[in-house]
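The block underneath contains the structure these notes are about, expressed in structure tokens.
Residue numbers (this note's numbering): -14 to 340.
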């Protein structure tokens, strides 16, 4: 019973604080939202989340200078070791990772508040992605850094974005896929200035070398392609692709060009095109998980834009009932099946002081 009370109550807080943030346009409510998400994720018992006990084992290895036994990238191991030397508390370390992960994702979603419905974005994040942060914690931490850094793609500050990619890679090598965000700007050619086009051109010329070093860096994850998934292609991905296509038709009808945008919505065509492109790539990469175990994770930095895409659909249709109902039913289905199937191992939920 406690499990359902915690998760349903947290859903209520997510809806409340995100709505208050949107209405008041104050970051105070963002912090309350972040603290609520952090508290539940960070104060969980070590039995909550499939990988949590593995992380505790890694922390123990690091404390005992058994570095070769501890799995993970060098940045993750060094930071965790220094943190534990200072605070000597596993829960505080988990709280830190939970706080940074949720803060970066929520603040990045806040960037889209004029383009997309903020409450819908946050609810989508909570239902579709939040439980992952209590399982693949290190990966989600790196994904949050990449997701937050995409604001610099929007600002065409590629070097700063790549610095964030480098930081994320120190915690999870798969973050290198985030370089794809820069590559995708080739589809936004008319929005780039001369210097930006030169940068993309040089990057394209160096692409073979860049790809070579990326493949070398992620070689350790190649075994995932040798582990096939016996599951059949899921109806959920088909439903989401259908919803994506419907969204494209709506965007084409309602906002065919910048001058045709609704006066009630401050829209940026470049951002809309980026969100559509990122989400499509996220869907396609995530669908590989139906054929290879764990490979759905590779597309998560792009897949997170599902939250923005769905929020945009609500925004541009002015929350029309039929569209909102479809999304509500889909989110309720995802939330219910997550709790029933316990796919991320977050059931039963127990606070750390109860264990």
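Even for Gly, the Cβ is constructed at its ideal location relative to N, Cα and C.
Model, not experiment: these values are computed from the prediction.
In the structure shown, the three-state DSSP call for residue 336 is strand.
Using a C-beta cut-off of 8 Å, the region 60 to 71 makes no contact with the region 223 to 231, since fewer than three inter-stretch Cβ pairs fall below that distance. Assigned with DSSP and collapsed to three states, residue 29 falls in strand. Within the same chain, Cβ atoms closer than 8 Å to the Cβ of residue 160 are found at 127, 128, 130, 131, 150, 153, 154, 286, the five residues on either side in sequence being excluded. Excluding the 5 residues flanking it on each side, residue 37 has same chain C-beta neighbours closer than 6 Å at 31, in chain order. Here residue 43 has 55, 56, 57 as same chain residues with Cβ atoms under 7 Å from its own Cβ, once five neighbours each way along the sequence are excluded. The C-beta separation of residue 300 from residue 101 comes to about 6 Å, placing the pair in contact by the 8 Å criterion. In this structure, residue 166 sits away from residue 185, with a CB-CB distance that is not shorter than 8 Å.
For residue 99, the closest of -5, 47, 111, 293 by C-alpha to C-alpha distance is 293. Taking C-alpha positions only, residue -1 is separated from residue 107 by approximately 7 Å. Taking the Cβ atoms as the reference, residue 27 lies roughly 26 Å from residue 97, outside the contact range of under 8 Å. In this structure residue 15 touches residue 95 by the C-beta definition: roughly 6 Å separates them, less than 8 Å. It is roughly 18 Å from the alpha-carbon of residue 78 to the alpha-carbon of residue 52. For residue 41, the uninterrupted alpha helix (DSSP H) segment begins and ends at 37 to 48. In this structure, the CA atom of residue 123 is about 9 Å from the CA atom of residue 40.
Only residues of its own chain outside the window of five on either side were considered, and among them 261 have a CB closer than 8 Å to the CB of residue 233, listed in chain order.
Here the C-alpha atom of residue 175 lies approximately 11 Å from the C-alpha atom of residue 181. Distance from the Cα of residue 230 is smallest, within the candidate group 72, 330, 59, 268, for 268. Judged by beta-carbon spacing, residue 156 lies beyond the 8 Å limit of residue 81, meaning their Cβ atoms are not closer than that value.
The shortest CA-to-CA distance from residue 45 to any of 59, 33, 314, 70 is the one to 70. The C-beta of residue 104 has 16 or more other C-beta atoms within 10 Å across all chains shown, which makes the residue buried.
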